[in-house]
Amino acid sequence: MLEPETSILKSFKGELMYGWNGCFLKVDLSRRKSTVEPFDASFATSFLGGRGFAAKILWDTLPTGTDALSPENKLIFATGPLTGFPLPNSGKLVVASKSPLTGGYGDGNIGTFAAVHLRKAGYDAAVVEGKAKKPVFLHMRDKTVEFVDAADYWGLDSFEAERRLRKIYGRAAGIVSIGQGAEKLVKFACVVSQEGRAGGRPGMGAVMGSKNLKAVVFEGSGTLPAAKPEELREEGLAGYREILVKPDYAFWKRQGTLSTVEWSNENSVLPTCNYREGIFAGAEKIGGYAAEKIKVSNRGCPNCNMTCGNVVKDAEGKQAELDYENVAMLGSNIGLGDLGQVAALNRIADEFSLDTISLGSALGFAIEASEKGLINEKISWGNFEEAKALATNIAYRHGLGDVLAEGVCRAAAKLGGNSADWAMHVKGLEISAYDCHTAPAMALAYGTSPIGAHHKDAWVIGWETENDREGYGEEKAAKVIELQNARGIFECLGVCRFPMVNLGFEREWYPKYLKAATAQQFTWETLNQISERVSNLVRAFWIREYNGMWSSELDVPPKRWFAEPLSQGPLKGGKLDRAKYDSLLQTYYAKRGWDERGVPKKEKLKQLGLSEVADQLSNKIQLV
Ligand code: SF4
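This is the structure in structure tokens:
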């Protein structure tokens, strides 16, 4: 058992550092050593936490061009200044690293007791680097870090690994683990916690696997550093009460995000048969009301009274946790209209620690390749057994599974033909569950998301369907930026965005919470500016890592949406217009303060307090 130096912590407990612990835990798996790295108030208030901390650590410490699956890559578990406090939905951490799938910045958030324990142990983030000689798990208990042999765990799925660890460390411990897919370095493997809460879809699980790290057990017993604990508790309680009386609360508890299946189908944006169509004949069989019929319970993240995980009994008689993205991608996108079977696929993906969105995209891609005779394997739409067998082959990298384990972008390069046109990704990350044939703003949101095509940072499609379905006007670019900045705040704070975006929980709660936690006066505007700083830093990271290969083409979604119109539904004939999309993209860049290549301008970086980033980036690419 190794004990990091703790004396250094004391000098970072000054008034300015309330809300943060003021240090990271750094673990070097190669040398089996852990150390404590302090940070100062300016770092905390400039980058807040979560994605902000992760992006800054990667920018500052990861050598350019590092192979994402090499020991040098860093796997970061980062909390925010609100994580763990008794506030609505405050159980989140961000898991981040350079992505093996995209070669750029990758992250995802997970609601897990690991987040709370990490904070209670006295850290704001854990940064893991190096590679263990043999499989290990880490046991972090307050200020001690133990490297434990994991030979008996290697090869287990993530649920079973966690169950066994719970027998040793108890029900209350915070545990993250990986399954066989991450061990086999599937490039879209993620990190899993609490049997169904997963995050880090651009391959953070593969990074964990590449380090021979099977799991991390977090146990913290300290008190979180609130400036005004009593005020925080009272404000937190008031927030919980307000959520309970929100008009949509009861329905949210019944269906969570699953009602989006019916909504997407009605609006012709439900990804169907590898995004050929936006409507699915079997939509109601996999929607929110169908889920209610097989629902067993609700599951959720720590400190949350909205518990949106719909636990259902799946086709194999086991329990699986569903949300919209996995139902759409493993349901309509592969032509499967049986929710019990969709749930089983979803559970299997979580057990293997394969990202459900990317898996659904890879399966849809493979079925289409089979249909078009690009591969010899016979796989058909809506066939559960075939999909399950292929998912297993992806996890173990057998046969065709080995090709798909690289993600659809690389699979298309290997299979050839015109498959690149219908390999549905942006920058290598498979697109989440909204078809964009008739949604230009959502296509832009995917094109410019900080991690590749992901919905989380700008769910503009709700606004777009209500306001202007057809247009490419500048208000669309402005709306995408507004949402990306607002949602980016949540990725830094360590709280879930759903109270605000789904129930209308007022945004002004968050500056209040921050005041009580940190003693600092943040406004929504200052938080927006921090979020903008972080997205520019993330953008700079991508450009640096693409090392001369950066181009605005990387912000363009796949050809299918421009070239193959919808053949069904009320928006039949609809498709994106490439010239208009390019013009919208340029408007977006201009509003961001980026040049026509999508590279932040020097002046913009300077305005955001990122002058050093500008200097370093100008060694890689000429800045305007
Ligand atoms: S609303 Fe859902 S995702 Fe958000 S904290 Fe609660 S359970 Fe987790």
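For the sequence shown, my numbering gives the first residue as 14, with consecutive numbering after it. Ideal placement from N, C-alpha and C gives every residue a C-beta, glycine not left out.
- Message: By the DSSP assignment, the beta strand (DSSP E) with Y118 in it spans what residues?
- Response: Its beta strand (DSSP E) spans residues Y118 to G124.
- Item | Pairwise C-alpha distance: T157 and K326 | 40 Å
- Paired residues, beta bridge with G465 - DSSP: P463
- Task: Let me know the secondary structure DSSP gives E203 once reduced to three states.
- Result: According to the sequence shown, residue 203 is Cys rather than Glu. Looking at C203 - three-state DSSP - the assignment turns out to be coil, as it is neither helix nor strand.
- Message: Which residue wins for smallest C-alpha separation from E248, given the options A530, K619 and T600?
- Response: For E248, the nearest C-alpha among the options comes from A530.
- Helix, strand or coil: which one does DSSP assign to T270? helix
- Message: By alpha-carbon positions, which one of A164, S110 and D162 ends up nearest to A202?
- Response: S110
- Message: the ligand SF4 and T92: does the residue's C-beta get closer than 6 Å to at least one heavy atom of that ligand?
- Response: no
- Task: Could you tell me whether the segment 367 to 380 touches the segment 206 to 215, where touching means 3 or more Cβ pairs closer than 8 Å?
- Result: yes
- Relative to the ligand SF4, is the shortest distance from any of its heavy atoms to the C-beta of F511 smaller than 6 Å? yes
- Residue interval of the beta strand (DSSP E) (run including G187): G187 to S190
- Going by the CB atoms, is the gap between G93 and G430 shorter than 7 Å? no
- Please classify I188: is it buried, with 16 or more other beta-carbons within 10 angstroms of its beta-carbon, or exposed? Under this definition I188 is a buried residue.
- Message: I'd like to confirm something about T320: is its beta-carbon nearer than 6 Å to some heavy atom of the ligand SF4, or not?
- Response: yes
- So is the beta-carbon of G235 under 6 Å away from any non-hydrogen atom of the ligand SF4? Outside the cutoff, so no.
- Item | L335, enclosing alpha helix (DSSP H) - first and last residue | First-last for L335: Q332 to L335, but that is the beta strand (DSSP E), not the alpha helix (DSSP H).
- Query: Do G235 and K385 have their C-beta atoms closer together than 7 Å?
  - Reply: no
- Message: Is any non-hydrogen atom of the ligand SF4 found closer than 6 Å to the C-beta of C317, if you look at the structure I gave you?
- Response: At least one heavy atom of the ligand SF4 lies closer than 6 Å to the C-beta of C317.
- Message: I need the boundaries of the beta strand (DSSP E) containing L88, first residue and last residue.
- Response: L88 to A91
- On a CA-only basis, which of L457, G395, L428 and G465 is nearest E495? Give me that one, please. Of L457, G395, L428 and G465, the residue nearest in Cα terms is L457.
- Query: Quick one: Cα of W522 to Cα of Q207, how far?
  - Reply: Straight through space, the alpha carbons of Q207 and W522 are spaced by roughly 28 Å.
- For the beta strand (DSSP E) that contains R154, what are its first and last residues? V149 to R154
- Taking I444 as the reference, which of N339, F518 and R500 has the closest Cα? N339
- Item | Beta-carbon spacing of A163, K227 below 7 Å | yes
- Span separating the alpha-carbon of E558 from that of A491: Cα atoms of E558 and A491: separation of roughly 27 Å, rounded to the nearest angstrom.
- Are the segment 526 to 544 and the segment 603 to 610 in contact at 8 Å, needing three or more beta carbon pairs? no
- Compute the distance between the beta-carbons of M153 and F231, then report whether it is under 7 Å. In terms of Cβ geometry, M153 and F231 form a close pair [threshold 7 Å].
- Message: Buried or exposed, going by whether 16 or more other CB atoms sit within 10 Å of the CB of K306?
- Response: exposed
- Message: Which same chain residues end up closer than 6 Å to S277 when comparing Cβ atoms and leaving out the 5 residues on each side of it in sequence?
- Response: If we look at S277 and ignore the five residues flanking it on each side, its Cβ neighbours are L283.
- Query: With respect to 6 Å, is the separation between the Cβ of C314 and the closest non-hydrogen atom of the ligand SF4 below this value?
  - Reply: Yes - the ligand SF4 has a heavy atom lying nearer than 6 Å to the Cβ of C314.
- Query: Per DSSP, which one or two residues make a beta bridge with S110?
  - Reply: G119
- For G301, write down the residues that DSSP places opposite it in a beta bridge. G301 is not bridged to any residue.
- Option in I181, A219, R179 and G183 with minimal Cα separation from G194: A219
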